[in-house]
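Take 1 as the starting number for the sequence shown in the numbering used here and just add one per residue. As structure tokens, the structure follows; a few thoughts come after it.
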Amino acid sequence: MNPLDGLIVVSLEQAVAAPFATRQLADLGARVIKIERPGVGDFARGYDETVRGLASHFVWLNRSKESVALDLKSDHGRSAVAALVSRADVFVQNLAPGAAERLGLGAEALRADNPRLIHVSISGYGGDGPYADKKAYDLLVQCEAGLVSITGTQDEPSKVGISIADIASGMFAYSGILSALIQRGRTDEGVTIEISMLEALAEWMGYPLNYAMYGGTPPARTGARHAAIAPYGPFRCGDGEQVFLGLQNEREWATFCDRILGEPILAVDPRFIRNSSRVEHSAQLQAEIERSFSHSTAEEVAQRLEAAGIANALLRDMTGLANHPQLKARGRWLEYDSPAGTLRALVPPATFVGAKPVMGRVPEVGEHTDAVLAEFGALPSAGLTESRSQERAISMPHTHRGHAVQAARSFLFVPGDQPARFDKAVDSGADLVVIDLEDAVAGDRKDSARASAVEWLSRGGRACVRINDPSSPLYGSDLDALADVPGLVAVMLPKTDSPQSSTAVAERAGVPVIALIESADGMVRIHDIARTPAVARLAFGHLDYALDLGADPGWSAMLHARSSLVLASRAAGLPGPVDGVTTALDDAEVLDGDLRRTKEIGFTAKLLVHPKQVAVTHAAFRPDEEAVRWARRVVASAAGSSAARVDGHMVDAPVLARANAILQQAG
Numbered sequence: 001m002n003p004l005d006g007l008i009v010v011s012l013e014q015a016v017a018a019p020f021a022t023r024q025l026a027d028l029g030a031r032v033i034k035i036e037r038p039g040v041g042d043f044a045r046g047y048d049e050t051v052r053g054l055a056s057h058f059v060w061l062n063r064s065k066e067s068v069a070l071d072l073k074s075d076h077g078r079s080a081v082a083a084l085v086s087r088a089d090v091f092v093q094n095l096a097p098g099a100a101e102r103l104g105l106g107a108e109a110l111r112a113d114n115p116r117l118i119h120v121s122i123s124g125y126g127g128d129g130p131y132a133d134k135k136a137y138d139l140l141v142q143c144e145a146g147l148v149s150i151t152g153t154q155d156e157p158s159k160v161g162i163s164i165a166d167i168a169s170g171m172f173a174y175s176g177i178l179s180a181l182i183q184r185g186r187t188d189e190g191v192t193i194e195i196s197m198l199e200a201l202a203e204w205m206g207y208p209l210n211y212a213m214y215g216g217t218p219p220a221r222t223g224a225r226h227a228a229i230a231p232y233g234p235f236r237c238g239d240g241e242q243v244f245l246g247l248q249n250e251r252e253w254a255t256f257c258d259r260i261l262g263e264p265i266l267a268v269d270p271r272f273i274r275n276s277s278r279v280e281h282s283a284q285l286q287a288e289i290e291r292s293f294s295h296s297t298a299e300e301v302a303q304r305l306e307a308a309g310i311a312n313a314l315l316r317d318m319t320g321l322a323n324h325p326q327l328k329a330r331g332r333w334l335e336y337d338s339p340a341g342t343l344r345a346l347v348p349p350a351t352f353v354g355a356k357p358v359m360g361r362v363p364e365v366g367e368h369t370d371a372v373l374a375e376f377g378a379l380p381s382a383g384l385t386e387s388r389s390q391e392r393a394i395s396m397p398h399t400h401r402g403h404a405v406q407a408a409r410s411f412l413f414v415p416g417d418q419p420a421r422f423d424k425a426v427d428s429g430a431d432l433v434v435i436d437l438e439d440a441v442a443g444d445r446k447d448s449a450r451a452s453a454v455e456w457l458s459r460g461g462r463a464c465v466r467i468n469d470p471s472s473p474l475y476g477s478d479l480d481a482l483a484d485v486p487g488l489v490a491v492m493l494p495k496t497d498s499p500q501s502s503t504a505v506a507e508r509a510g511v512p513v514i515a516l517i518e519s520a521d522g523m524v525r526i527h528d529i530a531r532t533p534a535v536a537r538l539a540f541g542h543l544d545y546a547l548d549l550g551a552d553p554g555w556s557a558m559l560h561a562r563s564s565l566v567l568a569s570r571a572a573g574l575p576g577p578v579d580g581v582t583t584a585l586d587d588a589e590v591l592d593g594d595l596r597r598t599k600e601i602g603f604t605a606k607l608l609v610h611p612k613q614v615a616v617t618h619a620a621f622r623p624d625e626e627a628v629r630w631a632r633r634v635v636a637s638a639a640g641s642s643a644a645r646v647d648g649h650m651v652d653a654p655v656l657a658r659a660n661a662i663l664q665q666a667g
């Protein structure tokens, strides 16, 4: 039996702070139901793909949880969460301040229906005050809390190497929940808990804060050394490696001088006779110690320190930690399941004798939606209408825009730094215009191109945008600028090389992704990319792909790659992929030949670089008669019924939109 067996936790969480708190509850046996955005999920899923294609943060923080995908902007999504919370013991959320209240998930509303509920909110700076609405990321909170000012060297401040502000707030949320459970056991009433990252980290800054408030100056930045204790830190040895040591009192200092340095006289040297003197003369002290250590290896010095009872450590990297003999000897590693197969992780630090730690599976997005909603009586009133074949369209961000991308035959590029051509591109008749912020824009014009695209989209324009690739320093700025821009239909992601990169873009921009495959890395992951719910279409950048392979970009050399895109699209339920550009602008026969060959193997759209290529492309990709007949049946059935079905499938708004697009293309 585990301490929290039977406890139900519902968490509307993302990133690190709240997931860290709830994972610790899950470690102790609590049932944690994680609410995620349909299709995209927790954006931490897209931080990286180093754990066999999964994100290292996500697998660390989300094992043993159940994932339920709900659109909280819909009536059903909100009512489903309310149904879950009505039976929960704890509700945790780390949305932006005020967001939970706007969704009807504030403490007052939820605790009115469930008085025993423990409601926990984690934010960057708290729910009120001048910083209430300020964005809070871990590094920025480290800055605001003064941590960066005392970390690093004299020449340069530094952040802490882990998400310390997130972790601090997660720890205080965890301990606060445990305290609230004890209180509820006495009063039979829940409680509302608020935690901010700033206040959590400020609590951990108690020593330097008091040192500065009452001493007049803050602790100096001393790298890996201690600002107020000496010797305490790294010292280089004869083999070039470092050994770390720390002394806490004068007795240890005398022992160190006698047994380690072999110079007992140093213990009474006026420069080193007490700790404050040693700190004052730290450079001379370091020279004396390293002169003595220069005749031995770090391992030999560590052995002498250990024998003398002097605290010491060797500097280990992550491989050293993973293979640490102490962790191995104590059996601190266990295996657990994930979508990428079996992984291993350290067991929770608090060992409950007689209780086996919970080390459950890392969930996929929405893996438990059906089962959990059925259990809590929260299925849609008309039954579960989303079949597995429809799940992609329903879970995709801005579904109607996803279908516009899926129905398009022509994607016409227009340079982002030429806004006068945006409207002309629309007038060309292309199914979708793609404002290009990448290849078509010189480096010194990137910022103005981005601003022009956002301005045009915000005043009624409608287009896709090709952003700069994820390795570019402009990538983040592109996504930040495009977030929630009204006219943005989709983001074309250059050099897409993983499902996580597509998911991260959809999460930040709020629209589907056209995954542009331009590298070997992307090609070997093509099936996983195609199955990513955020991806509306695959496109082939054959010129960059050939360059990456060192291959000829001609038809024969690229046939296997093109066929791979067609197969991946088909297997994932996507429309045919989008072929790359034809640069021969004045030779219609070349374009016609490219279109004919790609259509024969299953491509259904093309990237274009000039308006005069539009008409030829549309003629080549005109819908076949079978597709037209299907579209007509859909439109006719939808006109006669509010719950129409065609070929056994429900006709909802996205299906109707696709049918209308096909009929429009057919002319």
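Note that beta-carbon positions come from the ideal geometry of N, C-alpha and C, so glycine has one too.
Spatial neighbours of residue i within its chain, please: CB distance less than 6 Å, with the 5 preceding and 5 following residues excluded, ordered by chain position.
| i | result |
| --- | --- |
| E300 | none |
| V9 | T22, L25, A30, V32, V90 |
| L7 | A30, D89 |
| L432 | A408, F411, C464 |
| N94 | E13, A17, A18, I122 |
| S498 | E49, R525 |
| Q154 | R221 |
| G429 | V614 |
| I195 | I122, S169, F172, A173 |
Out of curiosity, what's the CA-to-CA distance linking residue i and residue j?
| i | j | result |
| --- | --- | --- |
| N312 | L247 | 9 Å |
| R304 | E252 | 14 Å |
| E391 | S471 | With a pLDDT of 35 at E391, under the threshold of 50, the modelled position of that residue is not reliable, and the figure given next carries that caveat. If you take the alpha carbons of E391 and S471, they lie about 31 Å apart. |
| E144 | L595 | 57 Å |
| V191 | P234 | 47 Å |
| S563 | T604 | 13 Å |
| A440 | V414 | 8 Å |
| L140 | G487 | 31 Å |
| D548 | S519 | 6 Å |
| F376 | Q183 | 27 Å |
| R259 | G216 | 38 Å |
| A659 | L574 | 15 Å |
| A355 | D480 | 46 Å |
| N2 | R466 | 51 Å |
| R597 | H76 | 46 Å |
| A329 | D5 | 29 Å |
| K599 | G129 | 60 Å |
Beta-carbon within less than 7 Å of residue i's beta-carbon, same chain only, minus the 5 sequence neighbours each way: which residues are those?
| i | result |
| --- | --- |
| V59 | V51, S338, L343, V362 |
| R110 | Here residue 110 turns out to be Leu, not Arg, going by the sequence shown. The residues are V85, F91, L117, H119. |
| A340 | V51, R52, G53, L54 |
| P553 | H542, L543, A546 |
| A506 | V40, P397, P512, V513, A534 |
| T496 | S502, A515, L516, I517, G522, I529 |
| Q284 | R271 |
Starting from residue i, trace the alpha helix (DSSP H) in both directions and tell me its first and last residue.
| i | result |
| --- | --- |
| I526 | 526-530 |
| R111 | 107-113 |
| V81 | 75-86 |
| F172 | 164-187 |
| N249 | Run containing N249: none; DSSP gives neither H nor E here. |
Does the ligand SAM have a heavy atom nearer than 7 Å to the CB of residue i?
| i | result |
| --- | --- |
| V301 | Absent from the structure shown: the ligand SAM. Ligands present: none. |
Would residue i and residue j qualify as a contact pair, given that the criterion is a beta-carbon distance under 8 Å?
| i | j | result |
| --- | --- | --- |
| L607 | S569 | no |
| L105 | V68 | no |
| A530 | A571 | yes |
| L437 | K446 | yes |
| S622 | L663 | At residue 622 the sequence reads Arg, which differs from the Ser that was named. Not closer than 8 Å, so no. |
| F540 | P512 | no |
| R45 | G360 | no |
| I193 | A180 | yes |
| V489 | A404 | yes |
| L482 | A515 | no |
Can you find the residues in the same chain that come closer than 8 Å, C-beta to C-beta, to residue i, ignoring five residues on each side of it along the sequence?
| i | result |
| --- | --- |
| T297 | C237, G238, D239, E241 |
| A308 | T255, F256, R259, I260 |
Could you pull the start and end residues of the beta strand (DSSP E) that residue i belongs to?
| i | result |
| --- | --- |
| A515 | 513-517 |
| T670 | Missing from the structure shown is residue 670; the chain here goes from 1 to 667 and no further. |
| A131 | Reading off the sequence shown, one finds Tyr at residue 131, where the question assumed Ala. That residue, Y131, is in no beta strand (DSSP E); it is neither H nor E in DSSP. |
Quiz item: If we count Cβ pairs, one from each stretch, closer than 8 Å, do we get three or more for the segment 224-244 versus the segment 310-324?
Solution: Between the segment 224-244 and the segment 310-324 there are three or more C-beta pairs closer than 8 Å, enough to call the two in contact.
Quiz item: Are the segment 195-202 and the segment 160-169 in contact at 8 Å, needing three or more beta carbon pairs?
Solution: They touch, by the three-pair rule.
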